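A.B. asks: What follows is a single structure, and I will ask about it in a moment.
In UniProt numbering, the protein residues as written are 1 to 292.
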């Protein structure tokens, strides 16, 4: 979750979004698909510029061929090869869900893959289009993730690096959509906040080491503006919830990767920090396959 429970959020908040949308008030209420999508579009459109001022360099947004990082711990697809050997990416059709400004999609394209990036935030996609002006272009689609506007069995892999999965109300439906888009034998790999992080405040320091929210409390974290309009939402699922969503969609869960904090990395990103990262995992990467 993204807050220490106080109004205005924790250290991962970006002032640009608050300048546009106002300071959010935290509530714990059920929020359906339509309201969740609307809130996420509002937030990421408002936050895009500030987000990139803070993180574009780390993510490789303006690198000629982009970069593919799975998480704030700095795990790269070039090293992890969770979508398969880098030498085998050429010619693969890959869909990135929640691509943001698409550095991951551009990196995959640089390896020879045929890539499509999808995101609901037009501001994020515009930032990606600007980066492509002096780099490798990939097709980008503005759409939500619960109803993917793609043909069935049209991709060899679907991926999401901290993209749409935590922000949709019907994540089980997203799993079914990923399975539908995949050809038999295709991979679905996505990274999210490690579910155990839900219990801790969003603080990279000692305050972030004390559990504050029950792990099994699935009420979404929501911020609302002065009128009560939701402007940010994040949905929590336990590890078991994720496993059941994946298997109910007809896929096989092959691995859950929990990246360790690298000794050389001193960079903080919101709740991610050397202090916390060396004690418990911040990221979970679910590696799934659609049966042949």
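Glycine included, each C-beta is placed from N, C-alpha and C at the ideal position.
None of the values given here were measured: they were computed from a predicted structure.
Using a 10 Å radius around the Cβ and a threshold of 16 neighbouring Cβ atoms, would you call residue 203 buried or exposed?
C.D. replies: The residue you call residue 203 lines up with position 203 of the chain shown. Burial call: buried.
A.B. asks: Could you give the C-beta distance for residue 44 and residue 123, rounded to a whole number, given that I count them as a contact under 8 Å?
C.D. replies: As a position in the chain shown, residue 44 is number 44, starting the count at 1. As a position in the chain shown, residue 123 is number 123, starting the count at 1. Going by Cβ atoms, the distance from residue 44 to residue 123 rounds to 7 Å, so yes, they are a contact pair.
A.B. asks: Quick check: the Cα distance between residue 171 and residue 165, rounded to an integer number of angstroms?
C.D. replies: Here residue 171 refers to the residue found at position 171 of the chain shown. Here residue 165 refers to the residue found at position 165 of the chain shown. Residue 171 and residue 165: Cα-Cα distance of roughly 6 Å.
A.B. asks: Could you tell me which of 259, 261, 68, 57 sits nearest to residue 163, measuring between CA atoms?
C.D. replies: The residue you call residue 163 lines up with position 163 of the chain shown. Of the candidates 259, 261, 68, 57, the one whose C-alpha sits nearest the C-alpha of residue 163 is 68.
A.B. asks: Which residue comes first and which comes last in the alpha helix (DSSP H) that contains residue 54?
C.D. replies: One-based indexing of the chain shown puts residue 54 at position 54. It spans 33-59 - the alpha helix (DSSP H) in which residue 54 sits, taken as one unbroken run.
A.B. asks: How is the alpha helix (DSSP H) around residue 107 delimited, first residue to last?
C.D. replies: Here the question's residue 107 lines up with position 107 in the chain shown. Residues 103-110.
A.B. asks: Per the DSSP calculation, residue 69 is bridged to which residue(s)?
C.D. replies: Here residue 69 is taken as the residue at index 69 of the chain shown, counted from 1. According to DSSP, which records beta bridges pairwise, residue 69 is partnered with 76.
A.B. asks: Classify residue 195 as helix, strand or coil using the three-state DSSP reduction.
C.D. replies: Sequence index remark: in the chain shown, residue 195 carries index 195 (1-based). Note: residue 195 maps to helix in three-state DSSP.
A.B. asks: So, do the region 133-142 and the region 177-197 have three or more beta carbon pairs nearer to each other than 8 Å?
C.D. replies: Output reads no: the region 177-197 does not touch the region 133-142.
A.B. asks: Tell me where the beta strand (DSSP E) around residue 96 begins and ends.
C.D. replies: Counted from its first residue, the chain shown places residue 96 at position 96. Run containing residue 96: 93-97, per the beta strand (DSSP E) assignment.
A.B. asks: Please list the terminal residues of the continuous alpha helix (DSSP H) segment that includes residue 274.
C.D. replies: In the chain shown, the residue the question calls residue 274 occupies position 274. Element bounds for residue 274: 274-277.
A.B. asks: Does residue 259 pass the burial test, meaning 16 or more other C-beta atoms within 10 Å, or should it be called exposed?
C.D. replies: Position 259 of the chain shown, counted from the first residue, corresponds to residue 259. Buried: at least 16 other Cβ atoms inside 10 Å.
A.B. asks: How is the beta strand (DSSP E) around residue 226 delimited, first residue to last?
C.D. replies: Stepping through the chain shown from its first residue, residue 226 is reached at position 226. Unbroken run through residue 226: none, as it is neither H nor E.
A.B. asks: Spatial neighbours of residue 219 within its chain, please: C-beta separation below 6 Å, excluding the five flanking residues on both sides.
C.D. replies: Locating residue 219 in the chain shown gives position 219, counting from the first residue. Within the same chain, residue 219 has close Cβ partners 28.
A.B. asks: 8 Å is my cut-off, CB to CB: does residue 114 come that close to chain B?
C.D. replies: You won't find chain B in this structure, because it holds only one protein chain.
A.B. asks: Identify, in the order they occur along the chain, each residue of the same chain with its Cβ nearer than 7 Å to the Cβ of residue 93, setting aside the five sequence neighbours on each side.
C.D. replies: Within the chain shown, numbered from 1, the residue matching residue 93 stands at position 93. Here the set comprises 114, 154, 155, 156.
A.B. asks: Could you compute how far the alpha carbon of residue 144 sits from the alpha carbon of residue 277?
C.D. replies: Mapped onto the chain shown, residue 144 falls at position 144. Mapped onto the chain shown, residue 277 falls at position 277. So the two alpha carbons sit approximately 31 Å from each other.
A.B. asks: Can you tell me the Cα-Cα spacing of residue 269 and residue 98, whole angstroms?
C.D. replies: Looking up residue 269 in the chain shown gives position 269. Looking up residue 98 in the chain shown gives position 98. Their Cα atoms are separated by approximately 19 Å.
A.B. asks: For residue 177, which three-state DSSP category applies?
C.D. replies: Along the chain shown, one-based indexing puts residue 177 at 177. Reduced to three states, the DSSP call for residue 177 is helix.
A.B. asks: Express the C-alpha separation of residue 142 and residue 190 in angstroms, rounding to a whole number.
C.D. replies: Along the chain shown, one-based indexing puts residue 190 at 190. Along the chain shown, one-based indexing puts residue 142 at 142. If you take the alpha carbons of residue 190 and residue 142, they lie about 19 Å apart.
A.B. asks: Could you tell me which of 242, 105, 61 sits nearest to residue 159, measuring between CA atoms?
C.D. replies: Within the chain shown, numbered from 1, the residue matching residue 159 stands at position 159. Ranking the options by Cα distance to residue 159, first place goes to 105.
A.B. asks: Using DSSP with H/G/I as helix, E/B as strand and the rest coil, what is residue 185?
C.D. replies: The sequence position of residue 185 within the chain shown is 185, counting from 1. Strand, per DSSP.
A.B. asks: Assuming contact is defined by CB atoms lying nearer than 8 Å, are residue 285 and residue 256 in contact in what I supplied?
C.D. replies: Residue 285 sits at position 285 when you count from the first residue of the chain shown. Residue 256 sits at position 256 when you count from the first residue of the chain shown. Contact flag set, yes.
A.B. asks: Could you compute how far the alpha carbon of residue 25 sits from the alpha carbon of residue 233?
C.D. replies: To locate residue 25, count along the chain shown from 1; it is residue 25. To locate residue 233, count along the chain shown from 1; it is residue 233. Going by the C-alpha atoms only, they are around 12 Å apart.
A.B. asks: Restricting to Cα atoms, I'd like to know which of 65, 210, 239, 240 is closest to residue 112.
C.D. replies: Your numbering for residue 112 matches position 112 in the chain shown. Selected option, being the one with the closest Cα: 65.
A.B. asks: Could you check which residue in 292, 267, 273, 84 has the C-alpha nearest to that of residue 58?
C.D. replies: As a first step, residue 58 is located in the chain shown; it is residue number 58 there, counting from the start. Ranking the options by Cα distance to residue 58, first place goes to 267.
A.B. asks: Nearest to residue 240 by alpha carbon, out of 229, 213, 205, 196?
C.D. replies: Against the chain shown, residue 240 aligns to sequence position 240. Of the candidates 229, 213, 205, 196, the one whose C-alpha sits nearest the C-alpha of residue 240 is 196.
A.B. asks: Just curious, the beta strand (DSSP E) that residue 253 is in, first and last residue?
C.D. replies: Indexing the chain shown from 1 puts residue 253 at position 253. Run containing residue 253: 252-257, per the beta strand (DSSP E) assignment.
A.B. asks: What is the C-beta distance between residue 212 and residue 199, in whole angstroms, given that I count them as a contact (C-beta under 8 Å)?
C.D. replies: By one-based count along the chain shown, residue 212 stands at place 212. By one-based count along the chain shown, residue 199 stands at place 199. About 7 Å separates the two Cβ atoms, so the contact holds.
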